[in-house]
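What follows is a single structure, written as C-alpha cells, with notes after it.
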Amino acid sequence: MAESSLPAPSSAGLSPGRLVAGGRFADVAAARTRAVGIVGAGVAGLALAAALRRRGIGHRVYEQAPAFGEVGAGIQLAPNATRLLDRLGLGPALAAVAVRPAAIEMRAWDSGEVLGRTELGESCVAQYGAPYLTMHRADLHRVLAALVDPRSIVLGARIDKIAEDADGVGLAYADGRQDRVAVLVGADGVRSAVRAGLHPDQPRYSGHTIYRGLVPADAAPWLAEAPRVVLWLGPGKHAVAYPVSGGRQISFGATFPTPTHDGGESWSAPADPAAVLAAYEGWHPDLRDLLAQADRVSRWALHDRDPIPTWSTARITLAGDAAHPMLPFVAQGANQAIEDAFTLARQLAHVRVSTALARYEHARKTRTERVQSISRGNATALHDGSRPDPEQQRAQQQWLYGFDAEEG
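Each residue of the sequence shown is one higher than the one before, starting from 74 at the first, in my numbering.
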C-alpha cells in the first residue's frame, strides 16, 4: 500500500482530539501526528501507554479484541518491575489486589523437602527498595488500564497493513479504516503481526505445556496463611503455586513435556483437570490436594523465539513478547515488558524518534536475550533432579531485581 493513500487521522474515524493531551516529541514537527501507536493492549501495551502518558507523550492503543476480559491466571512481579509501577502511583492499587510472599521455596517433588529458599517480604524491600508481588494477571491488567485514557484505546482494531515513511507510519485496519502515527510499537505478543513485517521468523515450540488454574485459598490453607511461592521439582516436570487476588485464591501452574501439540498457543484452551492430577501421581500430598480442588484448568503450549538481529526501524519497534518472547521459567516475561515500556518512554521523551528507537533497542537487547537464555536453561534445570545452587540463584536475582530501567 502506498503511503500517500493513507489519510491523516481526522479522516480515519479517529479525530486528533481523541488523543491524550500532551504529545511531546523532540522532533514532533516532523510528524503528521503526535501519537505513538501501540499494537496490543496486554501488559506490555498498557504499561507503555501509562509510561508515555506519565511523560506527556500522546499515544493510541490498537486492540483487536472487541472488549477487555479476564485473562490468564497468576503472575509474579519482581522489584525490577514494581519499582517502576510505583512511579506511576500504583503502589496502593497493587497492594489492594496483590500478595507479598515471604519467600520463594523450591521443594522436592515427593518428600516436600525444602531444596532452596529465597527470602522476600520486607527483606526484599530492604535490599531492592521495592516489593515482590504475586497477583492475578487480570488484576494487573485492570490496574494498568485505569491509568490509560479510554479515549486513546481503539478496540476491535485489527491492523492489516503498515506503511512506514520518513515522517511516520500509516495503518490500515482489516475493516478498511485507516490511521497514521508518528511511531509504531508492536506489543502484540509472541505471534506478533508487527514483528512478522520486520523479520520472517516463527515461534519455537519448547516441547512443554503448562496447565494453569485457580482454586479458593481454603484449598491450600498452609499456603494462604503463610504466603509463599512454592515450586515442586521432580523428574521431567515441575509445578508452582502461590496466592493471588489479595490472598483469596491460589494460582497454580503445572508444567511437563508434551512432544506434540495442536498448533495453538492460547492462555485459555481448556484442559481436563483429572488428567493434570493423574500426571502428578505420587507427588507430594500438598500439591496433589491443591490440584484435586481445580474444577477448571487451561493449557498453554509454551513457545518462545530466538533473538533476532534487530527489532527496530526508524519509526517501528517492538516491546514485550513481540520483541523477546520467553518461557515462564524465570517468571520475568511481564517484568521485562514493563522494563521495555519505561525505557522506551524515557528515550522518546528526550531524543529524536529514530535515535530513541535505536537507543531503546540497544539498552534492552542484551539484557532480554540473557533472560531468554536463563528461561530456556531452566526448562532443563527444573526437571533434571539437581539441587539449586544458592550462590548462582542469589547472583541471578541481584542482577534481575536490582536493575532500574530508567537509569543510565
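Note that the Cβ used here is the ideal one computed from N, Cα and C, for glycine as well. Since the structure is predicted, the reported quantities are computational estimates derived from the model, not experimental observations.
Just confirm the distance between the C-beta atoms of residue i and residue j, as a whole number of angstroms; I'd bet it's less than 8 Å.
i: V288; j: L296; result: 10 Å between Cβ atoms; not a contact.
i: L220; j: A123; result: 4 Å
i: P174; j: R301; result: 5 Å
i: H281; j: L375; result: 5 Å
i: D233; j: A245; result: 5 Å
i: P382; j: E442; result: Their Cβ separation, rounded to whole angstroms, is 11 Å, which puts P382 and E442 out of contact at 8 Å.
i: V144; j: A211; result: 6 Å
i: L350; j: S385; result: No, L350 and S385 are not in contact; Cβ-Cβ is about 45 Å, not under 8 Å.
i: A218; j: F329; result: Rounded, the Cβ-Cβ distance is 34 Å, inconsistent with contact.
i: I235; j: G270; result: 6 Å
i: G185; j: D359; result: 6 Å
i: L163; j: V216; result: 6 Å
For residue i, which three-state DSSP category applies?
i: P152; result: helix
i: Y201; result: helix
i: R190; result: strand
i: Y433; result: helix
i: R133; result: strand
i: T386; result: coil
i: D362; result: helix
i: W182; result: coil
i: Q420; result: helix
i: F415; result: helix
i: T331; result: coil
i: L257; result: strand
i: V426; result: helix
i: I226; result: strand
i: W356; result: coil
i: V370; result: strand
i: E479; result: coil
i: R127; result: helix
i: A290; result: helix
i: L375; result: strand
i: I447; result: helix
i: S459; result: coil
i: D100; result: At D100 the pLDDT is 41, less than 50, meaning the model places this residue with poor confidence; the figure from the coordinates comes in the next sentence. Coil at D100, not helix or strand.
Among the residues of its own chain, which have a CB less than 6 Å from the CB of residue i, if the five just before and after it don't count?
i: F98; result: At F98, the pLDDT of 39 sits below 50, so the modelled position is not reliable; the number obtained from the coordinates is stated separately. None.
i: G326; result: I283, R285, V313
i: L257; result: G110, V242, I389
So, using beta-carbon positions, are residue i and residue j closer together than 8 Å?
i: V227; j: V242; result: no
i: R268; j: P276; result: no
i: A395; j: S279; result: no
i: V112; j: G393; result: no
i: A181; j: I411; result: no
i: L150; j: A348; result: no
i: G309; j: H456; result: yes
i: R378; j: P401; result: no
i: R369; j: P346; result: yes
i: R432; j: V424; result: yes
i: A418; j: I130; result: yes
i: G259; j: L161; result: no
i: Q469; j: I447; result: yes
i: A422; j: R128; result: yes
What's the call for residue i, buried or exposed, on a 16-neighbour Cβ count within 10 Å?
i: D413; result: buried
i: V187; result: exposed
i: Q409; result: buried
i: A292; result: buried
i: E434; result: buried
i: E136; result: buried
i: Q445; result: buried
i: T416; result: buried
i: A478; result: buried
i: S225; result: buried
i: L251; result: The question names Leu, but residue 251 is Gln in the sequence shown. Buried: at least 16 other Cβ atoms inside 10 Å.
i: Q465; result: exposed
i: A176; result: buried
i: P82; result: In this prediction, P82 has a pLDDT of 29, which is less than 50 and means its spatial position is unreliable; what the coordinates show is noted afterwards. The residue in question, P82, is buried, as its Cβ has 16 or more Cβ neighbours within 10 Å.
i: T333; result: exposed
i: S196; result: exposed
i: H272; result: exposed
i: R126; result: buried
i: G229; result: exposed
i: A367; result: buried
i: G118; result: buried
Between residue i and the rest of its own chain, which residues show a CB-CB distance below 7 Å, the 5 nearest in sequence each way excluded?
i: P461; result: M179, L188, G189
i: W356; result: W182, D183, W305, G307
i: A169; result: G319
i: L363; result: V288, A292, A293, A314, I323, F325
i: G458; result: P308
i: L473; result: A151, N153, Q405
i: E237; result: T386, R388, I389
Could you name the residues of the same chain whose beta carbon sits closer than 8 Å to that of residue i, not counting the 5 residues immediately before and after it, in chain order?
i: T155; result: L167, A203, P204, Y205, L206
i: F476; result: N153, E412, R440
i: Q322; result: H209, L287, V288, P289, A290, P316
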